[in-house]
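Undergrad:
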Amino acid sequence: MIARLRHWLHRRRHPLRYAHLDQLLRTQALHRDKLLAKQQRDLADIVRFAAAHTPYYAETLAHFLQDGRFDPGTLPILRKDDVIRRLDDLLADTADRSQAKLGHTGGSTGKPLAFWYDDAKHELMRAGMMRSYMLSGWRPGQKILNFWGARQDVVPGGVFGAQLGDAIAAE
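Residue numbers (our numbering): 10 to 180.
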């Protein structure tokens with residue numbers, strides 16, 4: 010009973026997360042051919058959006074998108090140095106800068122790398138985490154204890170430090 014109530018409250022508190030989770034659960038049952046076609050369409054949409062809305066990708070992808078088609082294997086690799094030097098040029102012109110946040114990698118290579126994210130990206134990430142937990146037998150409403158090594162993510166203002174309620178709610 011408590012788990013169901015916790016799940017209901019959590020679903021009401023995070024409707025976008027659960028919408029993403031529902032979509033992820035639907036796509037994991039797709040036949041391989043349909044999944045590959047969806048992934049190719051999604052990648053093409055992402056590449057076109059990035060080229061149209063970010064200064065960095067407008068420059069780096071223009072050559073690859075001249076005829077409107079591209080081979081994913083020919084796309085340039087985004088390197089750590091590019092992210093460091095061109096961080097502001099990687100934020101889409103459609104992003105609300107007042108809502109964009111800076112996240113950081115764990116720094117396992119010696120220096121954490123900064124990147125942009127927003128609440129929608131965070132909710133999609135959390136939905137993906139929930140789906141992976143479900144593959145291990147967890148169900149929404151059951152408690153989880155996460156051990157997290159990136160100190161900057163769990164402090165107030167960090168990726169996971171903002172909402173203590175998530176730690177005691179349904180995930």
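Where is the CB? At the ideal position from N, CA and C, for every residue including glycine.
Would the region 26–35 count as touching the region 125–144 if we require 3 or more Cβ pairs under 8 angstroms?
TA: Yes: at least three Cβ pairs fall under 8 angstroms.
Undergrad: Note down the Cα distance separating A178 from P165, rounded to an integer number of angstroms.
TA: Because the pLDDT of A178 is 47, which lies under 50, any placement of that residue in the model is unreliable, and the number read from its coordinates should be weighed accordingly. Computed Cα separation, rounded: 18 angstroms.
Undergrad: Report back the beta-carbon spacing between A109 and L122 to the nearest angstrom; my notes put them in contact at under 8 angstroms.
TA: That belief does not hold up - the Cβ atoms of A109 and L122 are roughly 16 angstroms apart, past 8 angstroms.
Undergrad: Can you give me the Cβ contacts of A129 inside the same chain, cut-off strictly under 8 angstroms, excluding the 5 residues immediately before and after it?
TA: L25.
Undergrad: How is K89 classed by DSSP in three states: helix, strand or coil?
TA: In this structure, K89 counts as helix in the three-state DSSP scheme.
Undergrad: Could you name each continuous alpha helix (DSSP H) segment of 4 residues or more that falls completely within the region 99–144, going from the start of the chain to the end?
TA: Taking only runs of at least 4 residues, the alpha helix (DSSP H) segments lying wholly in the region 99–144 are 128–144.
Undergrad: Just the C-alpha distance for G82 and F73, rounded to the nearest angstrom, thanks.
TA: Going by the C-alpha atoms only, they are around 11 angstroms apart.
Undergrad: If we call anything under 8 angstroms between Cβ atoms a contact, is R95 one with Y126?
TA: Going by C-beta atoms, R95 is not nearer than 8 angstroms to Y126.
Undergrad: Quick one: is H40 buried, meaning 16 or more other Cβ sit within 10 Å of its Cβ, or exposed?
TA: Exposed, by the Cβ-count rule.
Undergrad: Buried or exposed: where does R135 fall if 16 or more other Cβ atoms within 10 Å of its Cβ makes it buried?
TA: Classification of R135: buried, given that the 10 Å Cβ count is 16 or more.
Undergrad: Identify whether W17 lies in helix, strand or coil by the three-state DSSP scheme.
TA: Here W17 sits in helix by DSSP.
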